[in-house]
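Numbering (full-length UniProt numbering), first residue to last: 1 to 212.
Notes follow the structure.
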């Protein structure tokens, strides 16, 4: 079976791999041409997830049910890019290699994305909301800094992040645990790990990384 054997309107699953995080999205085959298929784009909160040629730090896998064997099969490291065909948004998907579904995966180094935007942090059980600089973010944690006179006393923080990418607003909030503290002149840097990684946050990280 090659990718062109997928049938129009057949259900497929797109797997987005970034670092050690895997995000799955249901999709549908909208059409095909020799060497490629057109897939229904993924939407989160009404926003289409745009995939461009700059999304090099992400890899994409495609899974489907073989209509002949009824087995789940997969294509690893497919080429995926957003496009508009006949006025409709889609992902153009192509690959040269066909593989049966496998749980084996290559281990990748964690990728940190530099963002340098203003945010807010509140110490758990404390009433004061402090302005911070969110310096970088990854699938497992976040790096923030604050004026030395306002340094935190507790290891659990509630972070508020507000950003805008390509006219789309991202308002995310999450709880982190401080795992590293470094003094940098008149500021203190905190390396923090996420208590849990929400889908919305992964979507933001993906969109931010693709912007670079």
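Just so you know, even glycine gets a beta-carbon here, dropped at the ideal spot from N, CA and C.
The C-alpha of residue 93 is placed about 11 Å away from the C-alpha of residue 41. Residue 18 counts as buried, since no fewer than 16 other beta carbons sit within 10 angstroms of its beta carbon. Taking C-beta atoms as the reference points, residue 48 and residue 29 fail to come closer than 8 Å. Taking a contact to require three or more Cβ pairs closer than 8 Å, the stretch 152–159 and the stretch 121–128 qualify as touching.
The way I'd put it, the stretch 193–211 doesn't touch the stretch 145–154; fewer than three beta-carbon pairs between them come closer than 8 Å. Annotated three-state conformation of residue 62 is strand, per DSSP. The UniProt domain "PilZ" (106–196) contains, as complete beta strand (DSSP E) runs of 3+ residues, the segments 113–123, 129–137, 141–147, 156–165, 168–184, 187–194 (chain order).
In this structure, the alpha-carbon of residue 61 lies about 47 Å from that of residue 149. Out of 145, 83, 205, the CA that lies nearest to the CA of residue 185 is found in 145.
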